[in-house]
Amino acid sequence: MACLRFFLRNESASCIENEPAGPEQSLTLQDFTQTALVKKRTYDKGAGSMLRLLLLLVAALLAYLFAIESRWLSKRSKRAKWEHPTGGTRRAVGTSMALLVRSYDRPACLKRLLVSLLQSDMALCVERVLYDDGSTHPHMAGILEAFASAGFRVVRGKNAGCRFSLRPALRALGADAKRLLVCYLDDDMVVARHFVSSFSAIFGRIEEDLALAPEDIVLTGFNCDNCQHESVPPSGEGYTARTTIGGASMVFAHASIPVLIRAWERNLDFGIVDRMYATPRGAVYATVPSLVQHAGEEGLNSTVGRSDTARDFQEEEAAEDWQRRASQA
Numbered sequence: 000m001a002c003l004r005f006f007l008r009n010e011s012a013s014c015i016e017n018e019p020a021g022p023e024q025s026l027t028l029q030d031f032t033q034t035a036l037v038k039k040r041t042y043d044k045g046a047g048s049m050l051r052l053l054l055l056l057v058a059a060l061l062a063y064l065f066a067i068e069s070r071w072l073s074k075r076s077k078r079a080k081w082e083h084p085t086g087g088t089r090r091a092v093g094t095s096m097a098l099l100v101r102s103y104d105r106p107a108c109l110k111r112l113l114v115s116l117l118q119s120d121m122a123l124c125v126e127r128v129l130y131d132d133g134s135t136h137p138h139m140a141g142i143l144e145a146f147a148s149a150g151f152r153v154v155r156g157k158n159a160g161c162r163f164s165l166r167p168a169l170r171a172l173g174a175d176a177k178r179l180l181v182c183y184l185d186d187d188m189v190v191a192r193h194f195v196s197s198f199s200a201i202f203g204r205i206e207e208d209l210a211l212a213p214e215d216i217v218l219t220g221f222n223c224d225n226c227q228h229e230s231v232p233p234s235g236e237g238y239t240a241r242t243t244i245g246g247a248s249m250v251f252a253h254a255s256i257p258v259l260i261r262a263w264e265r266n267l268d269f270g271i272v273d274r275m276y277a278t279p280r281g282a283v284y285a286t287v288p289s290l291v292q293h294a295g296e297e298g299l300n301s302t303v304g305r306s307d308t309a310r311d312f313q314e315e316e317a318a319e320d321w322q323r324r325a326s327q328a
């Protein structure tokens, strides 16, 4: 402090000797101390503001991370508690499925599918919907009436094409389907007699074996060798993982519909495969043996020289019989 006073006296003397004295130029220890205190307060205020801003940013980041974690835990909890709407076990075989068929101007294929469905356990489905994508074929009206007589709710929409008609088709499902599995079929398929109960049981088995939520699974009953690659996740009793999926047959949770629609409209069934494998635990699976068979023309994305039918479909004779009956109907 003595040094500081000496310095201030010298500086004050120097200023007085070199320049005329004035009220604004007279510097005392009190003035200097006051100026230093003001500067210190200004510095402290600025540092305090920066520190508060930094703390606010850290708090915001922690709140954001906490929100993400809470959302993830909530979603995980909801998945773990998923139950059949009637209560009881997580998967009540054959009672938790809605059946959706989409068709456009293929009356012969649709008739063959109806014959096979009438000989199956489709009555276990709590909802059955046929969506017609604006067909104009003269024979379609009679087939649609036959589906209505078989207990289907027939919904007719404007033609949107293969890529964009899946959205209105899935939206045609009723509100009661929101906690159900959805079994989707193209119109050029035939089904095994036990396809509903088998789909339901195998879907539940995948959930239990691999500890997956319903939203993490897309299951097909069409296990053809078309476009299948070697590297796939683990498989189990009654199912096998796939790197491709035929969009003609899909079973999935109703909660997955928004995600699957966007994936389908982006790149059809390949879009669904890409979307499922982009999910940390997502995958696509096929029943073994196949529960449905492709009875129409080769698919749009079929690989030339590879089978577009399921070789392990065990009711081929029945499929031929269904085709014969359909032609006589």
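If you number the sequence shown the way numbering that gives the first Met the number 0 does, the last residue is 328 and the count never jumps.
No residue lacks a Cβ here, since even glycine has one placed at the ideal position from N, Cα and C.
| task | Would you list the residues sitting across from A330 in a DSSP beta bridge? | result | The shown model of the chain, from 0 to 328, leaves out residue 330, and the question about it has no answer.
| query | Expressed to the nearest angstrom, what Euclidean distance is found between the alpha-carbon atoms of T308 and A107? | reply | Here residue 308 refers to the residue found at position 309 of the sequence shown. Here residue 107 refers to the residue found at position 108 of the sequence shown. The C-alpha of A107 is placed about 18 Å away from the C-alpha of T308.
| query | Mind checking I142: buried by the 16 CB within 10 Å criterion, or exposed? | reply | Working through the sequence shown from its first residue, we reach residue 142 at position 143. With 16 or more other Cβ atoms within 10 Å, it is buried.
| field | Stretch pair the region 201-214 + the region 170-178: three plus CB contacts closer than 8 Å | value | By the C-beta criterion, the region 201-214 is judged not to be in contact with the region 170-178, since fewer than 3 inter-stretch pairs fall below 8 Å.
| query | Can you round the beta-carbon distance between S148 and L129 to whole angstroms, since I take them to be within the 8 Å contact cut? | reply | Against the sequence shown, residue 148 aligns to sequence position 149. Against the sequence shown, residue 129 aligns to sequence position 130. A Cβ-Cβ distance of about 11 Å is found for the pair S148 and L129, leaving them out of contact under the 8 Å criterion.
| query | How long is the line joining the alpha carbons of D185 and C223, rounded to whole angstroms? | reply | Position 186 of the sequence shown, counting from 1, holds the residue named residue 185. Position 224 of the sequence shown, counting from 1, holds the residue named residue 223. Looking at the two C-alpha atoms, the distance is approximately 15 Å.
| query | Would a C-beta distance cut-off of 8 Å place S199 and S134 closer than the cut-off? | reply | For the purposes of this step, residue 199 is identified with residue 200 of the sequence shown, where counting begins at 1. For the purposes of this step, residue 134 is identified with residue 135 of the sequence shown, where counting begins at 1. Cβ atoms of S199 and S134: not closer than 8 Å.
| query | Are there 16 or more other CB atoms within 10 angstroms of the CB of D132, so buried, or fewer, so exposed? | reply | Start at 1 with the first residue of the sequence shown, and residue 132 comes out as number 133. Buried, by the Cβ-count rule.
| Start-to-end residues for the alpha helix (DSSP H) that takes in D273 | On the sequence shown, residue 273 is found 274 positions in, with the first residue counted as 1. Counting along the chain, the alpha helix (DSSP H) containing D273 begins and ends at I256 to A277.
| For C387, which of helix, strand or coil comes out of DSSP? | Nothing can be reported for residue 387, as the shown portion of the chain is limited to 0 through 328.
| task | Determine the DSSP secondary structure at R162, reduced to helix, strand or coil. | result | Taking the first residue of the sequence shown as position 1, residue 162 is located at position 163. R162: helix per DSSP, three-state reduction.
| field | Reduced DSSP category for R338 - H, G, I as helix; E, B as strand; rest coil | value | Since the first residue of the chain shown is 0 and the last is 328, residue 338 is not available in this structure.
| Is it right to say L165 is buried, meaning 16 or more other beta carbons lie within 10 angstroms of its own, or is it exposed? | As a working note, residue 165 is residue 166 in the sequence shown. Buried, because 16 or more other Cβ atoms sit within 10 Å of the Cβ of L165.
| task | Could you please give me the residues that DSSP links to T219 through a beta bridge? | result | Taking the sequence shown and counting its residues from 1, one reaches residue 219 at position 220. In the DSSP output, where bridge partners are listed per residue, T219 has A285.
| Just curious, the alpha helix (DSSP H) that A147 is in, first and last residue? | For the purposes of this step, residue 147 is identified with residue 148 of the sequence shown, where counting begins at 1. M139 to S148 is the span of the alpha helix (DSSP H), which, as asked, contains A147.
| task | Please work out which residues of its chain come closer than 7 Å, Cβ to Cβ, to S234, disregarding the five sequence neighbours upstream and downstream, and give them in chain order. | result | Here residue 234 is taken as the residue at index 235 of the sequence shown, counted from 1. Hits under 7 Å: A240.
| task | Starting from A252, follow its DSSP beta bridges and name the residues at the other end. | result | By one-based count along the sequence shown, residue 252 stands at place 253. Note: A252 is bridge-paired with L180 in the DSSP secondary-structure output.
| said: Between which residues of its own chain and R310 is the CB-CB distance below 6 Å, once the five residues before and five after are set aside? | reply: The residue you call residue 310 lines up with position 311 of the sequence shown. Contacts found: none.
| field | Residue range of the beta strand (DSSP E) that includes R127 | value | On the sequence shown, position 128 is the one that residue 127 refers to. Boundaries of the beta strand (DSSP E) harbouring R127: E126 to D131, taken from the DSSP string.
| query | Does DSSP classify R75 as helix, strand or coil? | reply | Reading the sequence shown from its first residue, position 76 is the one you call residue 75. At R75, the pLDDT of 45 sits below 50, so the modelled position is not reliable and the matter cannot be decided from this model.
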